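Trainee: One structure is given below, represented as structure tokens, and several questions about it will come after.
This is the structure in structure tokens:
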């Protein structure tokens with residue numbers, strides 16, 4: 017029983033840490049996109065907030081080539 021509780025706590029802690037990393041990545045990418053493209057459509061913002069950390073990392077590189085919000089929308093559809 018004790019091992020089960022401990023394992024559950026460890027899993028919960030890891031999930032919390034992963035979620036925190038994802039949220040921080042979203043904030044950074046959103047700042048970069050806002051500086052590059054201006055204010056983003058709420059639909060695009062929502063799509064970005066739902067990306068995994070891996071996809072957010074990919075987006076942080078891809079956005080350097082974006083010129084319009086359409087470029088972002090096309091990338092998000094991939």
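Residue numbers (my numbering): 17 to 94. Note that the Cβ used here is the ideal one computed from N, Cα and C, for glycine as well. These numbers come from a predicted model, not from an experiment.
1. Check each candidate in 92, 88 and 69 and name the one with the smallest Cα separation from residue 40.
2. Pick helix, strand or coil for residue 76, following the three-state DSSP scheme.
3. Give a yes or no on whether the C-beta atoms belonging to residue 50 and residue 43 are separated by under 8 Å.
4. Quick one: what's got a C-beta closer than 6 Å to residue 45's C-beta in the same chain, skipping five residues either side?
5. Under a three-way DSSP split, which group does residue 46 fall into?
Mentor: According to the data block:
1. 69
2. helix
3. no
4. Close CB contacts of residue 45 within its chain, under the 6 Å cut and outside five residues either way in sequence, are with 72, 75 and 76 (chain order).
5. helix
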